[in-house]
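Report on one structure; see the data block that follows.
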Ligand SMILES: [Zn+2]
Ligand SMILES: [Zn+2]
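Numbering (my numbering), first residue to last: 122 to 1132.
Dropping the structure here:
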């Protein structure tokens, strides 16, 4: 009775994976793999929560398989690895989807529709594609607990977020400020700097030079200050012109010929920026910037409405540079952070002609109701008509857009709630010190630089679907209160809070608190918070900390997180920001930042380009293991990866099919021979032959290398080493060279060694590969280990990861094999140079090399003999090098700098006969295959040929019979007519071998006996 199930030569990976998924479901393999490590050291992972209101794309698949690999690996290494799934559910992305669906696109329309209904729609939409996410997650083999995920909209989660904000509030770090903030006019809300950092694009904008007329100019001709801007619409908010106090400015007369007329202007600008002028100019006067201070100019537009202070005069400021423009900077405090600060400092006034949806207000009648960016053209025309536009150009620069809706952002003075991250800068940097980044350069580069220039976190969003900001303000005395729990909410509320209150808007807006100071009514501020704060709270909010404490304490900080590189200033930052503000501790110790997925042409996949591969369709045709293996071997995971179905298929052909073939070879013979690893007395490795010892040494070296590489998150290094082992060492060298040992029918010691060795290698390889390709390894394991080896586990994923056995590593033997394989390659090159096919045996090969190398090669001359197909291997004298010239009859090839090889290329009659016979044997073996003969079936052979070939067959008949399992070989006659051909149960064919014609016929044994 065979101990294994036979396999088909061609694997059906899709079906195999389907079966394995069912097996895991049936036997709860995932749950058991986690549970059996309970009480062991923990390896803590936090899932970066995806949003399920869109379909998963290849980038998500990449992060999911990388997470899976690391977590399976750590589990097999003996760690207790909890894997809680999570869903990110709040925020603008969700609102925008719902707005589209409802066919509305502004806040007033949402309010008209009703916040309650709107938020209900948002809540429904966040799980629209949950099924697709769950399917893709399962299908790709990502083991994560999706039955008990954390969900950012749940009351428990919100309560933890509230608690953390109150901690920050109590530290005095949560404040309301009036600041110029990046603002999306479509979403009508503030964005935080980490959101802005994600949305820069290169765009072309108008660049205008505008003449500001100096007031009370006694001279007869008008004098202008020349200023430059790339945002003409901000000119409506102009309050001042800034010059640098110590730079040199000039008054110039400029003349330009315009058709027949000569146009003249008298202008002031920085001397260093005279290039900006057109035409001829004459310098009239030179002065320092500070001499211009307080110079008054006429407002560009008569309807400018100024509040609280002076306006329209020259100020001095150090931020003015001479790199571009005119050295005179148009300053509008409503639209620029620097402008805002300098005007406040100089006690200047403020003008805000734009409403929160980015449209001009009725303060500027000709532009009223226009979106600011659309007004640029009209403003330029107005300036031209009034003769104060000096010139207009186009300007290419990097400009921020809303990361969600794509609208150009405006810098806009707003009231907003902030977390004072700037005061935590040193803490952020110190906590970052404790984190290991992969790739390392991000730590002080992209991420570290971001921390160096950290800005306060603009937390509040004037929106609807999000965690409500937990601050209440007294309408009577202005007292503020931050609520940190539902219990506190109930205690402070003036009227009873429903027991099942949903903490979202609009319900929470109705909860009125009693003011501690005056007893008056406190109302919640209407804002919700940045959804990035939600996901940044995952380490504690997923465990409902501090209302439940145990799980958080056991799971903080995380040992490992990974996401794509765009999360550097996204989730990676928000985690660190929240954790630093609340706990002053790093939330994770290792972070792996992954590259992006590109299409086959190296273009980043994106919806707008329409080049996103449909994951579900892909899984209909491609194996998950092939997809995983492709991603793991394509290159460093920290860099971008090109992705296509074609590339995955090639990977399957090269690696998975080779792995399968090795396994197929083993089970095919093991079933025939009824090999039972349990019954064999374990033969110590040192008693086995050199090939066996070598492959086992290689396996242990590989195990060591793979573990080292995974620990450094160099997944592609680990995977490529395994691939080399499977393709080159195992399949193409060990199995190919050991095949004959399995063909021998009689049992013998060497055959046992071969079986044991190949078996041990396959079992170890399964475990080593299990985290990479979990399906095919499970399939192989189920067949050759489960139920065969008594003390082994029921799934490869319940096993321990192999650890290298140093005593089985024979570095010298490995080095010898490397050298010998080089000699083999050189020997074959010599053959092909001489035009002699590999089946023709030759007399000898002579190797000239150093003593050291000679010792290496001498251990393995048998291999060299067989692979180069020579009768003898000789070594030349030490000291002779490649300078030696080849004797006659020898072909010389260089092996390396100090080694060369001579191959005798003149076979004698006997060798030629042997070569001929080998060709015949190969034909007969092919014919056996053609008629699907069992591997052990015996045959009878009949042949017809000329005298020369006849002699050869006669001299080597024993050899032919051994090789082809023939019991007889007799001379016969080829069929004389077509009628006879193929008659009877004989398979026959006439071959052309070299210049000879050879007729061969084979009969399966039972028929041969009947005859
Ligand atoms: Zn937007
Ligand atoms: Zn009050």
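C-beta: ideal position from N, C-alpha, C; glycine also.
Would you say residue 587 and residue 649 are within 7 Å of each other, going by their C-beta atoms? For the purposes of this step, residue 587 is taken as residue 466 along the chain shown, with counting starting at 1. For the purposes of this step, residue 649 is taken as residue 528 along the chain shown, with counting starting at 1. A contact, by the Cβ cut-off of 7 Å.
Using alpha carbons as the reference points, say which of 712, 260, 417 and 176 lies closest to residue 336. By 1-based counting over the chain shown, the position of residue 336 is 215. With distances taken between Cα atoms, residue 336 lies closest to 417.
CB of residue 666 within 7 Å of CB of residue 798, strictly: Residue 666 sits at position 545 when you count from the first residue of the chain shown. Residue 798 sits at position 677 when you count from the first residue of the chain shown. Not closer than 7 Å, so no.
Does DSSP classify residue 305 as helix, strand or coil? Translated into the one-based positions of the chain shown, residue 305 becomes position 184. Strand at residue 305.
Taking buried to mean at least 16 other C-beta atoms within 10 Å of its own C-beta, is residue 869 buried or exposed? Counted from its first residue, the chain shown places residue 869 at position 748. So residue 869 counts as exposed.
Using the C-alpha atoms, what's the distance from residue 256 back to residue 177? Residue 177 sits at position 56 when you count from the first residue of the chain shown. Residue 256 sits at position 135 when you count from the first residue of the chain shown. Answer to the nearest angstrom: the Cα atoms are 10 Å apart.
Within 10 angstroms of the Cβ of residue 742, are there 16 or more other Cβ atoms? Answer buried if so, exposed if not. For the purposes of this step, residue 742 is taken as residue 621 along the chain shown, with counting starting at 1. Residue 742 comes out exposed.
What residues in its chain sit with their C-beta under 6 Å from that of residue 516, if we drop five residues either side in the sequence? Within the chain shown, the letter at position 395 stands for residue 516. If we look at residue 516 and ignore the five residues flanking it on each side, its Cβ neighbours are 326, 328 and 351.
For residue 405, count the other beta carbons within 10 Å of its own beta carbon; 16 or more makes it buried, fewer makes it exposed. Which is it? The residue given as residue 405 occupies position 284 in the chain shown. The residue is exposed, with fewer than 16 neighbouring Cβ atoms inside 10 Å.
Go through its chain and collect everything with a Cβ distance to residue 319's Cβ below 7 Å, but skip five positions before and after it. Here residue 319 refers to the residue found at position 198 when the chain shown is read from its first residue. Answer for residue 319: 524, 687, 690 and 691, listed in chain order.
For the structure I just gave you, are there three or more beta carbon pairs, one from the stretch 833-852 and one from the stretch 945-964, closer than 8 Å? no
Do residue 892 and residue 193 have their C-beta atoms closer together than 7 Å? In the chain shown, residue 892 corresponds to position 771, counting from 1. In the chain shown, residue 193 corresponds to position 72, counting from 1. Yes, these two residues count as a Cβ contact at 7 Å.
Residue 1119, enclosing beta strand (DSSP E) - first and last residue: For the purposes of this step, residue 1119 is taken as residue 998 along the chain shown, with counting starting at 1. Start and end: 1117-1125.
Going by the CB atoms, is the gap between residue 1066 and residue 1119 shorter than 7 Å? Counting from one through the chain shown, the residue named residue 1119 turns up at place 998. Counting from one through the chain shown, the residue named residue 1066 turns up at place 945. For residue 1119 and residue 1066, yes; Cβs fall inside 7 Å.
Cβ-based burial, residue 383 [other Cβ within 10 Å; buried from 16]: In the chain shown, counting from the first residue as 1, residue 383 sits at position 262. Residue 383 should be labelled exposed.
Report whether the distance from the Cβ of residue 641 to the nearest heavy atom of ligand 2 is below 6 Å. In the chain shown, counting from the first residue as 1, residue 641 sits at position 520. Yes, since a heavy atom of ligand 2 falls inside the 6 Å radius drawn around the Cβ of residue 641.
Given a cut-off of 7 Å on the beta-carbon distance, is the pair residue 354 and residue 455 in contact? By 1-based counting over the chain shown, the position of residue 354 is 233. By 1-based counting over the chain shown, the position of residue 455 is 334. No. Outside cutoff.
Is it true that the CB of residue 127 sits closer than 7 Å to the CB of residue 792? Residue 792 sits at position 671 when you count from the first residue of the chain shown. Residue 127 sits at position 6 when you count from the first residue of the chain shown. In contact: residue 792 and residue 127 (Cβ atoms closer than 7 Å).
Following the continuous beta strand (DSSP E) through residue 1092, name the residue where it begins and the one where it ends. Here the question's residue 1092 lines up with position 971 in the chain shown. Run containing residue 1092: 1087-1092, per the beta strand (DSSP E) assignment.
Under 7 Å, do residue 580 and residue 629 count as touching if we go by C-beta distance? Taking the first residue of the chain shown as 1, we reach residue 580 at position 459. Taking the first residue of the chain shown as 1, we reach residue 629 at position 508. No, the pair does not count as a contact, with Cβ atoms beyond the cut-off.
At which residues does the beta strand (DSSP E) containing residue 372 begin and terminate? Reading the chain shown from its first residue, position 251 is the one you call residue 372. Taken as a continuous stretch (DSSP letters only), the beta strand (DSSP E) holding residue 372 covers 369-379.
Collapsed DSSP secondary structure at residue 416 in the structure displayed: Locating residue 416 in the chain shown gives position 295, where the first residue counts as 1. Of the three classes helix, strand and coil, the one that applies to residue 416 here is coil, per DSSP.
Assuming residue 1134 and residue 488 make a contact with CB atoms under 8 Å, what is their CB distance in whole Å? Lying outside 122 to 1132, the shown extent of the chain, residue 1134 is not represented and no answer is given.
What's the gap between the Cα of residue 1085 and the Cα of residue 1042? The count along the chain shown starts at 1 and reaches residue 1085 at position 964. The count along the chain shown starts at 1 and reaches residue 1042 at position 921. Using only the alpha carbons, I get a separation of about 7 Å.
Can you give the beta carbon distance from residue 1088 to residue 1059, rounded, assuming they're within the 8 Å contact cut? Walking along the chain shown from the start, residue 1088 turns up at place 967. Walking along the chain shown from the start, residue 1059 turns up at place 938. That belief holds up - the Cβ atoms of residue 1088 and residue 1059 are roughly 5 Å apart, short of 8 Å.
Fully enclosed by the stretch 758-820, which beta strand (DSSP E) runs are 3 residues long or longer? Runs found: none.
Based on DSSP bridge pairs, tell me the residues matched to residue 1021. For the purposes of this step, residue 1021 is identified with residue 900 of the chain shown, where counting begins at 1. DSSP output for residue 1021 lists 969 and 1015 as bridge partner(s).
What residue range is occupied by the uninterrupted beta strand (DSSP E) comprising residue 1061? To locate residue 1061, count along the chain shown from 1; it is residue 940. From DSSP, the beta strand (DSSP E) with residue 1061 extends over 1060-1065.
Contact criterion: CB-CB distance below 7 Å. Does residue 267 meet it with respect to chain C? Absence of chain C from the displayed structure is noted, only one protein chain being present.
Is there at least one non-hydrogen atom of ligand 2 closer than 6 Å to the beta-carbon of residue 595? Against the chain shown, residue 595 aligns to sequence position 474. Yes, the beta carbon of residue 595 sits closer than 6 Å to at least one heavy atom of ligand 2.
Nearest CA to the CA of residue 987: which residue from 396, 972 and 944? In the chain shown, the residue the question calls residue 987 occupies position 866. It is 944 whose Cα lies nearest to the Cα of residue 987.
Backbone CA spacing between residue 625 and residue 589 [nearest angstrom]: The residue labelled residue 625 in the question sits at position 504 within the chain shown. The residue labelled residue 589 in the question sits at position 468 within the chain shown. For residue 625 and residue 589, the distance between alpha carbons rounds to 6 Å.
On the CB-based measure, 16 or more other CB atoms within 10 Å of its CB, does residue 952 come out buried or exposed? Within the chain shown, residue 952 is the residue found at index 831, counting from 1. So residue 952 ends up on the buried side.
Residue 122 by DSSP, collapsed to three states: which one? Along the chain shown, one-based indexing puts residue 122 at 1. Coil, per DSSP.
Could you please give the first and the last residue of the uninterrupted beta strand (DSSP E) stretch that includes residue 993? For the purposes of this step, residue 993 is taken as the residue at position 872 of the chain shown. Where residue 993 is concerned, the enclosing beta strand (DSSP E) stretches over 991-996.
What residue from 170, 168, 137 and 203 has the CA that sits closest to residue 154's CA? The residue labelled residue 154 in the question sits at position 33 within the chain shown. Of 170, 168, 137 and 203, the residue nearest in Cα terms is 203.
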